[in-house]
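Chemist:
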Amino acid sequence: MNTPARIAITGLGTWIGARLAERLLAHKAGLSVIGVDIRRPYRLEGRIRFHRVDLTDPTADGRLAEILERERVEAFVHAAFRREPTPDLDYDHELETLGSLHVLHACAAAKVRRFVLASSTMLYGPWPDNPNFLTEQHPLRGHPDAHSVRNRVEVEALLAGWATRHPDCEVTVLRPCWIMGPSYWDHVVRMFARPVVATLLGYDPLLQFVHEEDCLRAFEAATLARHPGVFNLVGRGVLPLSTVIALAGKRSLPLPVPLFYRMLHYPAQGQTGDPPAGFYDYLRYLWVADGERGWNAFGEPLYTTREAWISFVSSRRLRRYR
Amino acid sequence: MALGGEEEGGGGGELRRALDALRDEIRARLPLASVAGESGGAGPDWMELFDELRRRVSSLGMSERSGEVDEFGMDELVLRQAEPLLDFLMDRWWRVDVQGAKNVPPAGGCLLVANGSGLLPYDGLMISHALGRGQPLDARPRFLVADWLITLPFVQPYLARVGGVRACRENAQRLLARGRRVVAFPEGVKGAAKVFRERYRLKRFGRGGVVRVAIESGTPLVPVAVVGAEEAHPILFKIETVARIVGLPFIPVTPTFPALGPFGLVPLPSKWSVHFGQAIALDYLGSEAADDELLVSRLTEELRAQIQTMVEQALHERRSVWG
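Protein chains in written order, with the numbering used here: chain A, 4 to 325; chain B, -16 to 306.
(1) Using a threshold of 9 Å, state whether the C-beta atoms of A/Leu236 and A/Asp207 are closer than that.
(2) Mind checking if A/Thr144 is an interface residue toward chain B, Cβ cutoff 9 Å exclusive?
(3) Spell out whether any CB of chain B is found under 9 Å from the CB atom of A/Asp207.
(4) Using the DSSP secondary-structure output, state which residues sit across from A/Glu173 in a beta bridge.
(5) From A/Asp91 to A/Phe212, what distance separates their C-alpha atoms?
(6) Please return the same chain residues whose Cβ sits closer than 6 Å to the Cβ of A/His54, not counting the five positions on each side in sequence.
(7) Nearest to A/Ala201 by CA position, among A/Pro259, A/Thr308, A/His81, A/Leu227, is which residue?
(8) Is the segment 210 to 221 of chain B close to the segment 265 to 278 of chain B, with three or more CB pairs under 8 Å?
(9) State whether the segment 162 to 170 of chain A contacts the segment 84 to 102 of chain B, with contact taken as three or more CB pairs (one from each stretch) at a distance under 8 Å.
(10) Are any of the Cβ atoms in chain A nearer than 9 Å to that of B/Arg123?
(11) Name the DSSP beta bridge partners of B/Ser256, please?
(12) Give every residue of the same chain whose Cβ lies closer than 7 Å to the Cβ of A/Arg50, excluding the five residues on either side of it in the sequence, and list them in chain order.
(13) Specify, as a first and last residue, the run of the alpha helix (DSSP H) that B/Phe220 falls within.
(14) Counting only Cβ pairs nearer than 8 Å, list the residues of chain A close to B/Val52.
(15) Buried or exposed: which applies to B/Arg227, given that a residue is buried once 16 or more other Cβ atoms fall within 10 Å of its Cβ?
(16) With 9 Å set as the bound, which would you pick, yes or no: does the beta-carbon of A/Leu289 sit closer than that to a beta-carbon of chain B?
(17) Comparing C-alpha positions only, which one of A/Val106, A/Thr17, A/Pro7, A/Asp171 sits nearest to A/His30?
(18) When we look at the beta-carbon of B/Pro203 and count the other beta-carbons within 10 Å, is it buried (16 or more) or exposed?
(19) Can you check whether the C-beta of B/Val148 is within less than 9 Å of a C-beta belonging to chain A?
(20) I need the DSSP call for B/Asp34, collapsed to helix, strand or coil.
(21) Roughly how many angstroms separate the alpha carbons of B/Glu47 and B/Leu62, rounded to a whole number?
(22) Taking just the CA atoms, how far does B/Thr283 sit from B/Arg190?
(23) Which whole runs of the beta strand (DSSP E) in the segment 57 to 87 of chain A are 3 residues long or more, in chain order?
(24) Is it a yes or a no for the segment 160 to 168 of chain B touching the segment 62 to 78 of chain B, going by three-plus beta-carbon pairs under 8 Å?
(25) So if I threshold CB-CB distances at 8 Å, which residues from the segment 77 to 97 of chain A count as touching chain B?
(26) Quick check on A/Arg178: buried or exposed, where buried means 16 or more other Cβ atoms within 10 Å of its Cβ?
(27) When you compare the CB of A/Pro279 with every CB in chain B, is at least one pair closer than 9 Å?
(28) On the DSSP letters alone, give me the boundaries of the beta strand (DSSP E) that A/Phe234 sits inside.
(29) Please report the distance separating the alpha-carbon of A/Gly159 from that of A/Val199.
(30) So, A/Leu67 versus A/Ala109, is the Cβ gap smaller than 9 Å?
(31) Anything in chain A within Cβ reach of B/Thr134, meaning under 7 Å, just list it in chain order.
(32) Could you check the C-alpha separation between B/Gln64 and B/Asp70 for me, to the nearest Å?
(33) Can you name the start and end residues of the alpha helix (DSSP H) that B/Leu132 belongs to?
(34) State the Cα-Cα distance for the pair A/Val156 and A/Pro142, rounded to the nearest angstrom.
(35) Shortest alpha-carbon distance to B/Lys85 belongs to which of B/Ala272, B/Thr239, B/Val207?
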């Protein structure tokens, strides 16, 4: 299949969903974009064909299949994932795991030819026995405390099984690492945007970032051309956490591990937008991914890890200090 | 193959300079600064105090790190600063006698396999320093470190910066594929945990990982015998119950540790010698030989026996532990 003419996207409220839709609309081939979400995307009003579907609804798969068939959708981008960890674990599970199951059922019924999943290298999980560079073959071990990560590991397992049963559908899984850039915003960015960044005393792991532009470019390429398989989307190079904080001119607050985990438990419960305590293992152990496969498929990234970080820092500073 | 860190070079540096200039300008224009200047106010003092405290706590002597690390986290600046200390340890403290360094292939990757000893990877550091001294950073051998040590708080940031890499197949293969020299201690924790009366008796070489990696990557193996390191931290016996709680495999009891507290961590000044044996080429086997378990285990045992012989010969030659 060459360039698909009709592309459906779930999760238009997420950053990837919304930005990808805008990019595809701007594409010169005159693509038609079908949006599926629970809320009407006002920014894209009038430019996309919007269908309101609640993926947590038990009959969502039938309804979605009907829409996909009616719109004769050729490619499907699944990005309906929470980008913020919430205390509402049941809803998260309903939306992410069961919602994805509904999406897969619908895609199978409508015989969608290409399926792109927005995943994350966070799914490898921070583990003390990770190799320095995780390749796409490495098992997804997630993190026992990070529920959203656990749901998404389940989604990838579901998709892998589904892909073997539907060999005529080209399945692409894109795993970006932490995204940085002028417009991207999630709980990781919020953590780094604070004047003081809490870190773990005695740990200084290597981190990597991908710039939002490189990330979107890969998503666009995977949607429009044939790139079956799993790809890590990362910038070149790694930076120690201490350097990341120093480059931003911020302060780090190193806290001893046991105290840290206890303290961090409460803000997360109090819905301040802080990630759950287990998340901070991502600032403790290595979970750097090998981007070679992604670079070969989608081209050399425009930004290295360092440049992606500086791009984020400079944009944020201008915004705050002007 | 160029490294990520090198490629960032120009663009990243320029951006950073521009960013620094911007930050200085913003600081100069901020009203906070002028207020502080007039009243000598408490606000900035607190900030300074906080900064100072944070620096003390978080950097512990690494305040001068450059922040430019290679893909495995080695920091050129830290390494250059540590050089005098490494030189001192090598020339004065342990008076390391290096023999057969010409057996190590001058270019391309190779896997140096040594007998391990002690909890802290002094032996890896010394082998790496013996070969990498006065050479560009890329030529410096990287030493593999057991994972419990390289993820230990406070130890982790330092070990990575001076060239330690977590011991696992993926890392070794990646380094060898980039033409780096890698120092491995295939005895693992068993080797580190040897008590004094078991000194210089090599333990089993795991499941033959080193040989398999060498076959798969087509790089030669260089057997290395380190003598003297066992006496630097002679382990009299091990405490295992308390160690579980702290997260260590065991707590060693040496003549000086824990009796002298932190001073007990200072290694004894035994006389060291490092012997590099003839390189063993395995590339004639072809990478599919790595799946031949019988062959791998036979080669592993041969390698172990060879290093054991080298160690015994070196022991025989040395006059005394301190000589």
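All residues carry an ideal CB built from backbone N, CA and C; glycine is no exception.
Modeler: Straight from the coordinates:
(1) no
(2) The amino acid at residue 144 of chain A is misidentified as Thr; the sequence shows Arg. No, because no Cβ of chain B sits closer than 9 Å to the Cβ of A/Arg144.
(3) yes
(4) A/Arg117
(5) 28 Å
(6) Same-chain partners within the cutoff: Val39, Ile70.
(7) A/Pro259
(8) no
(9) no
(10) no
(11) Beta bridge pairing from DSSP links B/Ser256 with B/Asp80, B/Val210.
(12) Only Leu28 meet the Cβ criterion.
(13) Looking at the DSSP string, B/Phe220 is not in any alpha helix (DSSP H); the run it does join, the beta strand (DSSP E), is 220 to 222.
(14) Leu209, Val241, Leu242, Pro243, Thr246
(15) exposed
(16) Cβ-Cβ to chain B under 9 Å: yes for A/Leu289.
(17) A/Pro7
(18) buried
(19) It does; some Cβ of chain A falls within 9 Å.
(20) helix
(21) In this predicted model, B/Glu47 has a pLDDT of only 47, less than 50, meaning its place in the structure is not dependable enough to derive any value.
(22) Distance between the alpha carbons of B/Arg190 and B/Thr283 is about 8 Å.
(23) 78 to 81
(24) no
(25) none
(26) buried
(27) no
(28) 232 to 236
(29) In the sequence as presented, Gly is not what sits at residue 159 of chain A; that position holds Glu. Cα-Cα distance, rounded: 35 Å.
(30) yes
(31) Pro131, Tyr288
(32) 11 Å
(33) 130 to 133
(34) 10 Å
(35) B/Val207
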